[in-house]
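Residue numbers (this note's numbering), protein chains in the order written: chain A, 78 to 350; chain B, 4 to 159.
Dropping the structure here:
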């Protein structure tokens, strides 16, 4: 057993799936694997702690997580089908520049740049600092804009911030009830704006909102929050950080396959690059 | 087949130093906001307008947009629609409306034209000071009324 890489299975039972026989079979197989491997098993005590972080649409699911000796990896046995409206709304290509995830205190939980800036003569250390400053600006801007929208919104509407457009690029934002903000930078696409200004205004905006919501609930929660090594508030930024001694023992997002799944999802979107 | 929903909420104008020079409700559903709160909103928006251009991963050449003005927030969508027009002189015209309202940019351009006709050509108006021109406020009222009635008449 030591040294052999076992991919673990992450099972998710939702109330719908309980009705099908297939899910029961997968559940049975999972239990068999667990008994044979004999590795440690994250009990329901852990998952009840994690349940606070899940969103409302993962209400009745439970996850069984089997860490292996080689590290933790998750393979989804079931997957949610993407709503087809994604593929139909956009016909031209857009470019995704960057994606950032912040917690409620402003700390960066995850960041990734998809387009490199032009020639930069700064050293990598300076570059990382510049990027960290830029991320602080982004968080501050999102926070203040949200407050501004709250002040300007009439009584009947729910204040929310979906997208901010400047001449250079557009920032799409999704905020969860727990304060996690996902910010996605794309370029400005005139087709998207034309769709947005007519009756299909719900389509254009909610497509990005739906995509970001999917990133949160299907990829972030599944890969990161349900990882047995995850501790809220103790996460390490994965980009630009040198190897500090104080970081040993903290949760590193690279131990999950969050980034791979995120890239796969974004590339499957018709508007990626 | 829905009629155009014209739900304009507020118009506010910010000068190039961030001070508020006009704030005006445009419809019945506009939330009532006190004067101090307006001043705070005006200056906050002024700073955020500039920060948005700075925080983005890409910049326009020279940080100027196609109209020759400094790049910044043009459009915010969320619980309400917000459109901003910044002129080369640094004045920002900001219009808010309920989601579903169309032609915000056109109305914003019209308001800019009215500003230059009524306020700037008024010999007693001091630049960057709060606008106290009756001609301008009446013209804005008439414009909004015209757009609302046109919108109600049009059927998509």
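Virtual Cβ for every residue (Gly too), placed ideally from N, Cα, C.
Start and end residues, beta strand (DSSP E) containing residue i
| i | result |
| --- | --- |
| residue 140(B) | Element bounds for residue 140(B): not the beta strand (DSSP E) but the alpha helix (DSSP H), 137-156. |
| residue 262(A) | 258-264 |
| residue 43(B) | Unbroken run through residue 43(B) is the alpha helix (DSSP H), 38-58; no beta strand (DSSP E). |
| residue 175(A) | 173-179 |
| residue 78(B) | 76-81 |
| residue 99(B) | 95-100 |
| residue 28(B) | 23-28 |
| residue 16(B) | 11-17 |
| residue 300(A) | Here residue 300(A) belongs to no beta strand (DSSP E), and DSSP marks it neither H nor E. |
| residue 243(A) | 238-243 |
| residue 193(A) | Segment: none, residue 193(A) is in no beta strand (DSSP E) and carries neither H nor E. |
| residue 252(A) | 246-252 |
| residue 87(B) | 84-89 |
Residue i, buried or exposed, once every other Cβ within 10 Å from all chains shown has been counted against 16
| i | result |
| --- | --- |
| residue 10(B) | buried |
| residue 89(B) | buried |
| residue 145(B) | exposed |
| residue 188(A) | buried |
| residue 345(A) | exposed |
| residue 141(B) | exposed |
| residue 226(A) | buried |
| residue 82(B) | buried |
| residue 149(B) | exposed |
| residue 119(B) | exposed |
| residue 286(A) | buried |
| residue 222(A) | buried |
| residue 341(A) | exposed |
| residue 95(B) | buried |
Cβ distance (whole Å) where residue i is taken to contact residue j below 8 Å
| i | j | result |
| --- | --- | --- |
| residue 333(A) | residue 298(A) | About 11 Å separates the two Cβ atoms, so there is no contact after all. |
| residue 174(A) | residue 60(B) | 4 Å |
| residue 33(B) | residue 231(A) | 7 Å |
| residue 124(B) | residue 107(B) | About 25 Å separates the two Cβ atoms, so there is no contact after all. |
| residue 45(B) | residue 22(B) | 7 Å |
| residue 293(A) | residue 247(A) | With a Cβ gap of about 19 Å, residue 293(A) and residue 247(A) do not count as contacting. |
| residue 259(A) | residue 58(B) | At roughly 16 Å, the Cβ-Cβ gap does not stay under 8 Å, so residue 259(A) and residue 58(B) are not in contact. |
| residue 245(A) | residue 74(B) | 6 Å |
| residue 335(A) | residue 308(A) | Rounded, the Cβ-Cβ distance is 16 Å, inconsistent with contact. |
| residue 238(A) | residue 219(A) | 7 Å |
| residue 84(B) | residue 102(B) | 6 Å |
Proximity test, Cβ basis, 7 Å: residue i and chain B
| i | result |
| --- | --- |
| residue 211(A) | yes |
| residue 262(A) | yes |
| residue 259(A) | no |
| residue 317(A) | Note that residue 317(A) has pLDDT 42, beneath the 50 cutoff, so the model's placement of it is unreliable and no number is given. |
| residue 332(A) | no |
| residue 218(A) | yes |
| residue 306(A) | no |
| residue 222(A) | yes |
| residue 225(A) | yes |
| residue 208(A) | no |
| residue 214(A) | yes |
Below-7 Å beta-carbon distance, residue i vs any chain A residue
| i | result |
| --- | --- |
| residue 77(B) | yes |
| residue 32(B) | yes |
| residue 89(B) | no |
| residue 53(B) | no |
| residue 99(B) | yes |
| residue 4(B) | Note that residue 4(B) scores 46 on pLDDT, short of 50, meaning its location in the model is unreliable and no value can be drawn from it. |
| residue 111(B) | no |
| residue 21(B) | no |
| residue 3(B) | Any property of residue 3(B) remains undetermined from this structure, which presents chain B solely from 4 to 159. |
| residue 74(B) | yes |
| residue 151(B) | no |
| residue 156(B) | no |
| residue 68(B) | yes |
| residue 81(B) | yes |
| residue 142(B) | no |
| residue 63(B) | yes |
| residue 56(B) | yes |
Residue interval of the alpha helix (DSSP H) (run including residue i)
| i | result |
| --- | --- |
| residue 212(A) | 201-229 |
| residue 340(A) | 335-345 |
| residue 111(B) | 107-117 |
**Asked** Any residues in the stretch 40-51 of chain B with a beta carbon nearer than 9 Å to a beta carbon of chain A? Which ones, in chain order?
**Response** 40, 43, 44, 47, 48, 50 and 51
**Message:** Along the stretch 227-255 of chain A, where does the CB come closer than 9 Å to a CB of chain B? Name the residues.
**Reply:** 227, 228, 229, 230, 231, 232, 233, 234, 235, 236, 237, 238, 239, 240, 241, 242, 243, 244, 245, 246, 247, 248 and 250
**Request:** Below 8 Å between beta carbons is the criterion; list the residues of the stretch 174-192 of chain A that meet it against any residue of chain B, in chain order.
**Result:** 174, 175, 190 and 192
**Item:** Within 7 Å of chain D by C-beta, residues of the stretch 283-297 of chain A in sequence order
**Value:** In the structure shown, chain D does not exist; the protein chains are A and B.
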